[in-house]
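The structure appears below as structure tokens.
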Amino acid sequence: MTLQRDALRDAIGQTRAKWGWFVGLGVLLLILGGIAFGNLFIATVASVYVVGWLMLMAGIIEIMHAFGVKTWSRFFYWLLSGLLYAVAGFFAFYNPLLASAVLTFLLAVALLASGVLRAWVGYKHRPEKGWGWLVAAGVISALAGLVIAMGWPVNSVWVLGLFLAVDLIFQGWAFIAVGLALKK
């Protein structure tokens, strides 16, 4: 027990010594978030390219995996799955605007579905403390999904960029807060 506490204290001490890196990373993320806010279209295209690279890499890995399976039925399943991923990844590079429209639509559907589910789960937990927060979070997510769906496909050129910019800014502030807390 004492050994674990000493190891934890050591890890915290080492992390505390790097507080400036946390603050520096936070400032960099804030700057990148500001740049993304400055041009939501370019941020959207950048996020589509990231998704495209991930799909392309996943497709290549699945195609390689197909050659490692022993049966023909599984081989064709993994090969087809990998080819679909790779084609979708290539498609994101070939036509990023259409890919952003598809991804924006999927985002709207996911927000709407998860929001409704979250609100329903919160409502089912009515007697428990805090159930209203869960319902409220679900309603907000569902409304965000509806707003995105109602503006689709026109908003596809900026929605993903907006999500990226907001995420970068929140991550930046979080890293700055952690770094300043470690400094104390």
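Residue numbering for the sequence shown follows the working numbering, beginning at 885 and increasing consecutively.
Yeah, the Cβ is synthetic: ideal placement off N, Cα and C, and Gly gets one too.
Given this structure, state the Cα-to-Cα distance separating residue i from residue j, to the nearest angstrom.
i	j	result
S965	R958	10 Å
V935	A950	22 Å
L940	F977	10 Å
L1052	L916	7 Å
Q888	A901	20 Å
I1024	G999	7 Å
T886	A994	47 Å
A1028	S1040	14 Å
W962	W937	19 Å
L1001	F921	31 Å
R893	W903	15 Å
A992	I926	20 Å
M948	F974	17 Å
V1031	W956	46 Å
F1059	A1065	10 Å
A1021	H1009	14 Å
Q898	I944	39 Å
I942	L967	According to the sequence shown, residue 942 is Ala rather than Ile. Cα to Cα, A942 sits roughly 10 Å from L967.
K1013	A1061	29 Å
With the cut-off set at 8 Å, would you say residue i and residue j are in Cβ contact?
i	j	result
F906	G1063	yes
G1006	L990	no
A972	A1003	no
W1042	L914	no
A1033	L996	yes
G910	W1036	no
Does the beta-carbon of residue i have 16 or more other beta-carbons within 10 angstroms, so that it is buried, or is it exposed?
i	result
F1054	exposed
I919	exposed
E946	buried
L987	buried
Query raised in the report: Quick check: the region 1039 to 1048 against the region 923 to 943, are there 3 or more CB pairs under 8 Å?
Result: yes
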